[in-house]
Amino acid sequence: MKTIKNILAVVGLVCMSGLFIFAAQQAPSDENIDDTPKLINDYNVYALSVPDQLDFAGEAVPLKDPDVYERMDRELLVNTYWQSNGLLMFKRAEKYFPIIEPILKKHGIPDDFKYLAVIESGLTNAVSPAGARGVWQIMPETGKENGLEVNSNVDERYNLEKSTEVACKYLLKSKKDLGSWTLAAAAYNAGNAGVSRRLKEQQVNNYYDLLLGEETGRYMFRIIALKEILNHPQKYGFNFTKKDLYTDVPTYKIEIDTAVTDFASFAKGLGINYKILKIHNPWLREPHLNNKSRKKYTLEIPKEGYYSSAP
Numbered sequence: 001m002k003t004i005k006n007i008l009a010v011v012g013l014v015c016m017s018g019l020f021i022f023a024a025q026q027a028p029s030d031e032n033i034d035d036t037p038k039l040i041n042d043y044n045v046y047a048l049s050v051p052d053q054l055d056f057a058g059e060a061v062p063l064k065d066p067d068v069y070e071r072m073d074r075e076l077l078v079n080t081y082w083q084s085n086g087l088l089m090f091k092r093a094e095k096y097f098p099i100i101e102p103i104l105k106k107h108g109i110p111d112d113f114k115y116l117a118v119i120e121s122g123l124t125n126a127v128s129p130a131g132a133r134g135v136w137q138i139m140p141e142t143g144k145e146n147g148l149e150v151n152s153n154v155d156e157r158y159n160l161e162k163s164t165e166v167a168c169k170y171l172l173k174s175k176k177d178l179g180s181w182t183l184a185a186a187a188y189n190a191g192n193a194g195v196s197r198r199l200k201e202q203q204v205n206n207y208y209d210l211l212l213g214e215e216t217g218r219y220m221f222r223i224i225a226l227k228e229i230l231n232h233p234q235k236y237g238f239n240f241t242k243k244d245l246y247t248d249v250p251t252y253k254i255e256i257d258t259a260v261t262d263f264a265s266f267a268k269g270l271g272i273n274y275k276i277l278k279i280h281n282p283w284l285r286e287p288h289l290n291n292k293s294r295k296k297y298t299l300e301i302p303k304e305g306y307y308s309s310a311p
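The sequence shown runs contiguously to residue 311 in our numbering.
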């Protein structure tokens, strides 16, 4: 037994020595020790104060309801501390909100609905597994029913102006059917029929009293959280200057009513390249245009001097 104890003692000593050596190897250098207080002060995670009053499209959020309060708190926390994504939303909003806002206004839809586009796609031409496309995440049949061309050659769900028009039509119908803008926004995610059915089944008449699945249950709170954060950046720790934000490149429009066999050559003739043509016209889905019907299409072409690459 004594021999075994001696062996164990030696093994233990070796292990401890190894740990000390490892610790010495992993210990941070003292070289930048003066920066430590700054790093600590710059990286803090705080509980957030949920504002006393919040609304969507002028419709109040019942924050005195403890369930509503906690759900709102969750989305403010998630979207505040997902800093990289939040900063990208500020950058993209500067570029795309000026296109969306006047179309909402034209249709009499509250300006708050631009935040719906933010949570639907992050203001990108997103592609969902279910088949939705574009900034407004429009399904193929919805697009076709509302006058968009949707096929392998041309997909106007990627046209921000036209897809915003379709979103407006859908939202106006939802508001008429369901009675409130909040329910209309929820229906953009769950469908008019789905929201109507749940209201009837649960014998309630507003979004905040509904028991919903995870996605639709978080939907309005995500919209309202993004609205709050995007309107009060410094309050939530986002710091940037105007020059940090993205801006839209000025364009001019041309019409075509013929087939185009090669958009790379077509673009070169306009003094740009195929990539730039696609950036401004993402609804062109193939490197050619069939156009057997001689339909008129409007292309946006960037004005000279904004791109450094030669055609």
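Backbone N, C-alpha and C define an ideal beta-carbon position, used for all residues, glycine too. The model shown is predicted, which means the values in this text are computed figures rather than measured ones.
N-terminal and C-terminal residue of the alpha helix (DSSP H) that residue i is part of
{"i": "T313", "result": "Lying outside 1 to 311, the shown extent of the chain, residue 313 is not represented and no answer is given."}
{"i": "I119", "result": "K114 to S121"}
{"i": "E141", "result": "P140 to E145"}
{"i": "Y274", "result": "Y274 to H280"}
{"i": "T216", "result": "E214 to N231"}
{"i": "G269", "result": "F263 to G269"}
Span of the beta strand (DSSP E) around residue i
{"i": "I254", "result": "T251 to I256"}
{"i": "Y46", "result": "Unbroken run through Y46: none, as it is neither H nor E."}
{"i": "I301", "result": "Y297 to P302"}
Same chain, Cβ closer than 6 Å to residue i, neighbours up to 5 away in sequence not counted
{"i": "I256", "result": "Y297"}
{"i": "Y274", "result": "F263, A264 and A267"}
{"i": "A57", "result": "P110, D112 and W181"}
{"i": "F97", "result": "K114"}
{"i": "L63", "result": "Y69"}
Chain-order list of residues whose beta-carbon lies under 7 Å from that of residue i (same chain, five-residue window excluded)
{"i": "E75", "result": "R218, F221, R222 and A225"}
{"i": "N205", "result": "L199"}
{"i": "Q137", "result": "E120, S121, A126 and S128"}
{"i": "L277", "result": "F263 and A267"}
{"i": "N59", "result": "Per the sequence shown, residue 59 should be read as Glu rather than Asn. Counting only Cβ-Cβ distances below 7 Å, and skipping sequence neighbours, we find S180, W181 and T182."}
{"i": "N290", "result": "N153 and A259"}
{"i": "V45", "result": "Y81"}
{"i": "N189", "result": "E215, T216 and Y219"}
{"i": "V195", "result": "L178, L183, A186 and A187"}
{"i": "R285", "result": "S152, N153, V154 and D155"}
Contacts around residue i, its chain only, beta-carbon distance under 8 Å, and the 5 residues preceding and following it disregarded
{"i": "G237", "result": "T80 and Q83"}
{"i": "E300", "result": "T251, Y252, K253, H280 and N281"}
{"i": "L104", "result": "P110, D111, F113, K114, T164 and C168"}
{"i": "T124", "result": "R92 and V135"}
{"i": "G86", "result": "N79, T80, I229, Y236 and F238"}
{"i": "K292", "result": "A259"}
{"i": "V313", "result": "Look at the range of the chain in this structure, 1 to 311, and you will see that residue 313 is not part of it."}
{"i": "S308", "result": "none"}
{"i": "A130", "result": "M139"}
{"i": "R294", "result": "D257 and T258"}
C-beta contact flag for residue i and residue j at 8 Å
{"i": "Y158", "j": "P302", "result": "no"}
{"i": "D55", "j": "V61", "result": "yes"}
{"i": "V166", "j": "L148", "result": "yes"}
{"i": "Y207", "j": "V249", "result": "no"}
{"i": "E161", "j": "I229", "result": "no"}
{"i": "L77", "j": "L48", "result": "yes"}
{"i": "H107", "j": "L172", "result": "yes"}
{"i": "T216", "j": "Y170", "result": "no"}
{"i": "H288", "j": "T261", "result": "yes"}
{"i": "V118", "j": "M72", "result": "no"}
{"i": "L245", "j": "E70", "result": "no"}
{"i": "N192", "j": "S174", "result": "yes"}
{"i": "G271", "j": "E304", "result": "yes"}
_Quick check for students: name the residue ranges of the alpha helix (DSSP H) that lie wholly in the stretch 172-204, counting only runs of 4 or more._
Fully enclosed alpha helix (DSSP H) runs of 4 or longer: 181-190 and 192-202.
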